[in-house]
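> Letter by letter, the sequence shown follows residues 1 to 204 of this note's numbering.
For each residue, glycine too, the CB sits at the ideal point set by N, CA and C.
Bear in mind the structure is a predicted one, so any value in this text is a computation, not a measurement.
The structure under discussion is supplied below as structure tokens; questions concerning it will follow.
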Amino acid sequence: MLRNDAESYGVVTILFHWIIAVIFLGQILLGYLMVRTGNYALQFSLFQWHKSLGFLILLLSGLRLLWRMVNPRPRMPDGISRIERAAAHAAHGFLYLALFVIPLTGWAVASSSPLQIPTYAFNLVVIPPLPLAISDQAEAFWTMSHAWLAYLSAIVATAHILAALHHHFWKRDAVLLRMLGARRPAPVRPHADPLRIANKDTRS
Numbered sequence: 001m002l003r004n005d006a007e008s009y010g011v012v013t014i015l016f017h018w019i020i021a022v023i024f025l026g027q028i029l030l031g032y033l034m035v036r037t038g039n040y041a042l043q044f045s046l047f048q049w050h051k052s053l054g055f056l057i058l059l060l061s062g063l064r065l066l067w068r069m070v071n072p073r074p075r076m077p078d079g080i081s082r083i084e085r086a087a088a089h090a091a092h093g094f095l096y097l098a099l100f101v102i103p104l105t106g107w108a109v110a111s112s113s114p115l116q117i118p119t120y121a122f123n124l125v126v127i128p129p130l131p132l133a134i135s136d137q138a139e140a141f142w143t144m145s146h147a148w149l150a151y152l153s154a155i156v157a158t159a160h161i162l163a164a165l166h167h168h169f170w171k172r173d174a175v176l177l178r179m180l181g182a183r184r185p186a187p188v189r190p191h192a193d194p195l196r197i198a199n200k201d202t203r204s
């Protein structure tokens with residue numbers, strides 16, 4: 001099933017979700033490591049990979065948003081409280097916004113840096129800089145914005161993961177399963193015992 005339905009997500013949405021999620025988590029780790037290495041050649045390579053993956057997230061997020069606009073969003077499982085629904089919508093909205101704003105602020109860092117180091121996306125395409133002021137102050141502003149948005153997004157993403165695990169293992173609903181392309185089986189009702197029914201009819 002490629003498209004979403006009322007109960008679960010389709011293959012396309014699931015692939016978008018997990019590919020972007022893995023790249024995003026990798027970007028958090030890469031961003032942490034690249035500013036702490038003393039090997040400048042390695043640091044340059046890590047920065048280029050970080051920027052390349054950032055542009056990939058930006059592209060995939062745009063495609064995912066377009067796909068979401070033409071696909072119905074599955075309804076939430078029964079038993080979800082109003083507070084849980086509001087928290088889920090707020091977290092999803094923030095993470096969607098972050099997937100665009102964080103790469104754009106990273107692009108702004110490279111564009112405003114006095115070093116003006118070219119960005120080679122996967123060593124294939126040169127990404128032009130944004131038309132921004134070039135100065136140490138501008139670079140510092142965009143760097144701080146980029147970093148704090150990444151930290152905040154990591155916190156929200158962690159809460160999102162914990163909430164999904166809570167729904168799966170504690171509430172035992174289909175919140176996580178539907179993003180895995182599976183459905184929680186309906187509870188099996190015990191069949192009536194024909195002998196017990198026959199005995200009951202005999203006594204009556």
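Less than 6 Å between C-beta atoms, sequence neighbours within five positions excluded: which residues of the same chain meet that for G10?
For G10, the CB contacts under 6 Å within the same chain, skipping 5 residues up- and downstream, are M1, L2, R3, N4 in chain order.
> Could you give the residue range of the beta strand (DSSP E) that holds V70?
Secondary structure note for V70: it is in no beta strand (DSSP E), with a DSSP letter that is neither H nor E.
> Where R172 and A164 are concerned, what is the direct C-alpha to C-alpha distance, given to the nearest angstrom?
10 Å
> Would H160 and A98 be called neighbours here (beta carbons separated by less than 7 Å)?
no
> Please report the straight-line C-alpha distance between S8 and Y96, rounded to a whole angstrom.
19 Å
> Among all the DSSP beta bridges, which residues are the ones paired with I127?
T119
> Could you tell me whether the Cβ atoms of I57 and I23 are closer together than 7 Å?
yes
> Please name the residue, chosen from H146, S111, L152, that lies closest to I127 on a Cα-to-Cα basis.
S111
> Would you say the stretch 76-88 touches the stretch 28-46, given that touching needs at least three Cβ pairs under 8 Å?
no
> According to DSSP, is V156 helix, strand or coil?
Helix at V156.
> Taking the alpha-carbon positions, what's the Y151 to R75 distance?
30 Å
> To the nearest angstrom, report how far apart L59 and A133 are at their CA atoms.
25 Å
> Do the stretch 118-126 and the stretch 64-75 meet, that is, are 3 or more Cβ pairs less than 8 Å apart?
Verdict: no, contact absent.
> What residue does the alpha helix (DSSP H) around M34 start on, and which one ends it?
11-34
> What whole-angstrom Cβ distance do S207 and F122 have, given they're in contact under 8 Å?
This structure cannot speak to residue 207, because the chain is shown only from 1 to 204.
> With P114 and E139 assumed to form a contact (beta carbons below 8 Å), what rounded beta-carbon distance in angstroms separates them?
At roughly 7 Å, the Cβ-Cβ gap stays under 8 Å, so P114 and E139 are in contact.
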